[in-house]
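K.L.:
So the sequences go chain by chain: A and B. My numbering puts the first sequence at residues 438 to 552. My numbering puts the second sequence at residues 17 to 129. Think of the CB as a built atom: it goes at the ideal place given N, C-alpha and C, for glycine as much as any other residue. Nothing here was measured: the structure is a model prediction, and the numbers come from that model. Below you will find the structure I want to go over with you.
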Amino acid sequence: AQSVTQLGSHVSVSEGALVLLRCNYSSSVPPYLFWYVQYPNQGLQLLLKYTTGATLVKGINGFEAEFKKSETSFHLTKPSAHMSDAAEYFCAVSDRQTGANNLFFGTGTRLTVIP
Amino acid sequence: NAGVTQTPKFQVLKTGQSMTLQCAQDMNHEYMSWYRQDPGMGLRLIHYSVGAGITDQGEVPNGYNVSRSTTEDFPLRLLSAAPSQTSVYFCASSSYPGTYEQYFGPGTRLTVT
Numbered sequence: 438a439q440s441v442t443q444l445g446s447h448v449s450v451s452e453g454a455l456v457l458l459r460c461n462y463s464s465s466v467p468p469y470l471f472w473y474v475q476y477p478n479q480g481l482q483l484l485l486k487y488t489t490g491a492t493l494v495k496g497i498n499g500f501e502a503e504f505k506k507s508e509t510s511f512h513l514t515k516p517s518a519h520m521s522d523a524a525e526y527f528c529a530v531s532d533r534q535t536g537a538n539n540l541f542f543g544t545g546t547r548l549t550v551i552p
Numbered sequence: 017n018a019g020v021t022q023t024p025k026f027q028v029l030k031t032g033q034s035m036t037l038q039c040a041q042d043m044n045h046e047y048m049s050w051y052r053q054d055p056g057m058g059l060r061l062i063h064y065s066v067g068a069g070i071t072d073q074g075e076v077p078n079g080y081n082v083s084r085s086t087t088e089d090f091p092l093r094l095l096s097a098a099p100s101q102t103s104v105y106f107c108a109s110s111s112y113p114g115t116y117e118q119y120f121g122p123g124t125r126l127t128v129t
């Protein structure tokens with residue numbers, strides 16, 4: 438069965454500091470992995486995804502994530518936080534067993550950026 | 017190109033009332049889904065569809081019905097609303113089979129009193 442664990446429901450960083458949001462997954466088949474961002478009172482927007490190929494993937498707004506199979510991790514990073522990065526971030530893993538396009542989501546990490 | 021649209025944005029229901037949350041997409045996506053978002057629980061899949069006439073249950077289907085008569089529309093029906101159904105509901109769509117990348121609507125905030 439697929440599942441996602443996001444360590445830390447709240448993360449605070451200073452403006453200009455490194456952002457690191459952690460995601461670990463379990464999957465019985467090679468997964469597709471996603472990070473989504475949700476700004477207040479909005480829907481979810483795709484930040485980046487890993488399907489196959491290069492394990493370091495770059496997304497929008499300067500974010501990137503690295504797929505580490507041995508650690509079953511897909512942590513999200515950004516070298517320098519900006520005030521506009523304050524939002525909630527969700528990691529998701531594909532449910533490839535059903536043959537549908539379903540995703541399993543983590544419980545989310547709320548990022549606060551301190552000026 | 018509007019993407020995924022949802023109506024209404026906000027709704028208040030009394031216990032026992034029924035209603036339909038509307039979802040439409042204009043990207044010709046075969047796959048559509050409904051999630052509910054509750055604090056500290058992330059998004060949980062309610063129902064999904066991989067094409068017109070095909071629907072299936074997700075993780076939390078009880079109390080909800082869906083149908084898919086066209087590619088564009090995927091309404092979610094609450095049969096008899098309960099306070100436990102107070103939540104934010106998101107509709108999403110993607111190409112199918114594809115790479116699972118889903119596009120989300122803006123959400124419907126539902127309160128059941």
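Can you name the residues of chain E whose CB is closer than 9 angstroms to the CB of residue 49 of chain B?
P.N.:
Absent from the structure is chain E; the protein chains it does hold are A and B.
K.L.:
Tell me which residues share the same chain as residue 503 of chain A and place their Cβ nearer than 7 angstroms to its Cβ, disregarding the 5 neighbours each side in the sequence.
P.N.:
Hits under 7 angstroms: 492, 493 and 512.
K.L.:
What residues of chain B sit near residue 446 of chain A, judged by a beta carbon separation below 9 angstroms?
P.N.:
Near residue 446 of chain A (Cβ distances below 9 angstroms), the residues of chain B are 56.
K.L.:
Looking at the secondary structure, which residues open and close the beta strand (DSSP E) in which residue 125 of chain B lies?
P.N.:
Residues 124–128.
K.L.:
According to DSSP, is residue 58 of chain B part of a helix, a strand, or is it coil?
P.N.:
Looking at residue 58 of chain B - three-state DSSP - the assignment turns out to be strand.
K.L.:
Just to confirm my understanding: we take residue 446 of chain A, look at its own chain, exclude 5 residues before and 5 after, and list those with CB closer than 8 angstroms. What are they?
P.N.:
Answer for residue 446 of chain A: 544, 545, 546 and 547, listed in chain order.
K.L.:
Going by the beta-carbon positions, is the gap between residue 104 of chain B and residue 125 of chain B smaller than 7 angstroms?
P.N.:
Yes, the Cβ-Cβ distance between residue 104 of chain B and residue 125 of chain B is below 7 angstroms.
K.L.:
Are three or more beta carbon pairs between the segment 27–34 of chain B and the segment 85–98 of chain B nearer than 8 angstroms?
P.N.:
Yes, they touch.
K.L.:
Could you run through the segment 483–494 of chain A and flag, in chain order, every residue whose CB is less than 7 angstroms away from some CB of chain B?
P.N.:
Those would be 483, 486 and 488, in chain order.
K.L.:
Is it right to say residue 474 of chain A is buried, meaning 16 or more other beta carbons lie within 10 angstroms of its own, or is it exposed?
P.N.:
So residue 474 of chain A counts as buried.
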